[in-house]
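See below for the structure under consideration.
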Amino acid sequence: MTQKPARRLIVAAGIVGVASTVLTALVCCVLVLPPLIVTWGLNDSAAAPLSAVDRLRTENDVRSVLLQALAGLVALAGVAAGAAVTVHQIRVNREGHTIGLFTTAVEQLSSPQVSVRHGGVYTLAFLAGLDSRYAGKIHALLTAFIRQQAPWPPTRPPAEVDHDRSRFHGGLADDVGGAISALADGTMITEGAVSELENVDLRDAQLNEFAIGRVCLIGSNLSKASLVNADLSGASMTNTILRGTNLTGATLSGADLSAADLHGAVLAAVVYDADTQWPPGFHPPR
Numbered sequence: 001m002t003q004k005p006a007r008r009l010i011v012a013a014g015i016v017g018v019a020s021t022v023l024t025a026l027v028c029c030v031l032v033l034p035p036l037i038v039t040w041g042l043n044d045s046a047a048a049p050l051s052a053v054d055r056l057r058t059e060n061d062v063r064s065v066l067l068q069a070l071a072g073l074v075a076l077a078g079v080a081a082g083a084a085v086t087v088h089q090i091r092v093n094r095e096g097h098t099i100g101l102f103t104t105a106v107e108q109l110s111s112p113q114v115s116v117r118h119g120g121v122y123t124l125a126f127l128a129g130l131d132s133r134y135a136g137k138i139h140a141l142l143t144a145f146i147r148q149q150a151p152w153p154p155t156r157p158p159a160e161v162d163h164d165r166s167r168f169h170g171g172l173a174d175d176v177g178g179a180i181s182a183l184a185d186g187t188m189i190t191e192g193a194v195s196e197l198e199n200v201d202l203r204d205a206q207l208n209e210f211a212i213g214r215v216c217l218i219g220s221n222l223s224k225a226s227l228v229n230a231d232l233s234g235a236s237m238t239n240t241i242l243r244g245t246n247l248t249g250a251t252l253s254g255a256d257l258s259a260a261d262l263h264g265a266v267l268a269a270v271v272y273d274a275d276t277q278w279p280p281g282f283h284p285p286r
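Read left to right, the sequence shown gives residues 1 to 286 (full-length UniProt numbering).
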């Protein structure tokens, strides 16, 4: 509420300042400068002194030139001001359009139709690349969306969940797969941000070369998922179910796999280091 009066006061002060400047320049061009310029010109030349009539005519000529120059400057200032207003309006219109797209995309995420939700996901991914100010918000929205759409354990009857999963391509619903792809692009993930994908159902998901920095998969189920050549550096996977998961060539440097279920997991050629935490009693491949 206090910003609008302050802004109006600044605008009013600016208008008064501009008007004062123009008025001062006009007074100088009409009254002050013409006599001074004529006097300086006579002092610097060897010509005979001007009569009163000639001097007045000369001052009028100088006055006319000065007023024309002032008019030109005012016109240029007007053009500059108009350009500034136009640029500001373009920015306002663009911001309004961006907000409209963001609002529509968020509404689409709650649609009962998978295709509509999928479209909302890609709209948000597009906005994250278009305006970095939205990146963090969109990152949080998409991770929350994945947790809501694919929770583990499932919140629906097992038979219903299994029926839906039988129609998935690549082990994931289109909207959830699209959200994971958008996150993997990395555009929306700000420095130091954690991708919270805990307690998510990713069974049978085809996630080869999966690479989402600082991902948290605590309590998620990735049974029989394919994570070939995935980059899971620094990932949090405590209590993550990795039964039969294909981790061939995956990078696990600094990952926390304590209490993870690795029964039947394929760990051929995995990369790990001294900071990788394994389940108690588990012996990683050498």
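Ideal placement from N, C-alpha and C gives every residue a C-beta, glycine not left out.
- Residue from Ala75, Gly177, Thr240, Phe210 with nearest C-alpha to aspartate 231: On the sequence shown, position 231 is the one that residue 231 refers to. That would be Phe210, whose Cα lies nearest to the Cα of aspartate 231.
- Rounded separation between arginine 203 and alanine 159 - CA only: Residue 203 sits at position 203 when you count from the first residue of the sequence shown. Residue 159 sits at position 159 when you count from the first residue of the sequence shown. Approximately 15 Å between the Cα atoms of the pair.
- What's the C-alpha gap between leucine 183 and methionine 237? Residue numbering aside, residue 183 sits at position 183 when the sequence shown is read from its first letter. Residue numbering aside, residue 237 sits at position 237 when the sequence shown is read from its first letter. When rounded, the distance between both Cα atoms is 18 Å.
- Item | Local conformation of aspartate 275 per DSSP, three classes | Counted from its first residue, the sequence shown places residue 275 at position 275. Note: aspartate 275 maps to coil in three-state DSSP.
- Excluding the 5 residues preceding and the 5 following cysteine 216 in the sequence, name in chain order all residues of the same chain whose CB lies nearer than 7 Å to its CB. One-based indexing of the sequence shown puts residue 216 at position 216. Within the same chain, cysteine 216 has close Cβ partners Val194, Ser195, Glu196, Leu197, Glu198, Ser236.
- How big is the Cα-Cα spacing for methionine 1 and arginine 117? Position 1 of the sequence shown, counted from the first residue, corresponds to residue 1. Position 117 of the sequence shown, counted from the first residue, corresponds to residue 117. Only weak support is given to the placement of methionine 1: the predicted model assigns it a pLDDT of 46, under 50, and the value that follows is read from those uncertain coordinates. About 37 Å.
- Item | For valine 87 and lysine 224, the rounded distance between their alpha carbons | Locating residue 224 in the sequence shown gives position 224, counting from the first residue. Locating residue 87 in the sequence shown gives position 87, counting from the first residue. One C-alpha to the other measures close to 54 Å.
- Message: Count Cβ pairs between the segment 170 to 185 and the segment 118 to 126 that sit closer than 8 Å; are there 3 or more?
- Response: yes
- Message: Going by DSSP in three states, methionine 1 sits in which element: helix, strand or coil?
- Response: Here residue 1 is taken as the residue at index 1 of the sequence shown, counted from 1. Note on methionine 1: pLDDT 46, under 50, position unreliable in the model; no value is reported.
- Message: Suppose only complete runs of 3+ residues qualify. What are the beta strand (DSSP E) ranges in the segment 193 to 250, listed by chain order?
- Response: none
- Query: Are valine 266 and leucine 247 close, meaning C-beta to C-beta below 8 Å?
  - Reply: On the sequence shown, residue 266 is found 266 positions in, with the first residue counted as 1. On the sequence shown, residue 247 is found 247 positions in, with the first residue counted as 1. Result yes, Cβ atoms of valine 266 and leucine 247 sit closer than 8 Å.
- Message: Looking only at its chain, what residues have a beta carbon closer than 8 Å to the beta carbon of serine 111, apart from the 5 residues adjacent to it on each side?
- Response: Working through the sequence shown from its first residue, we reach residue 111 at position 111. Arg117, Gly120, listed in sequence order.
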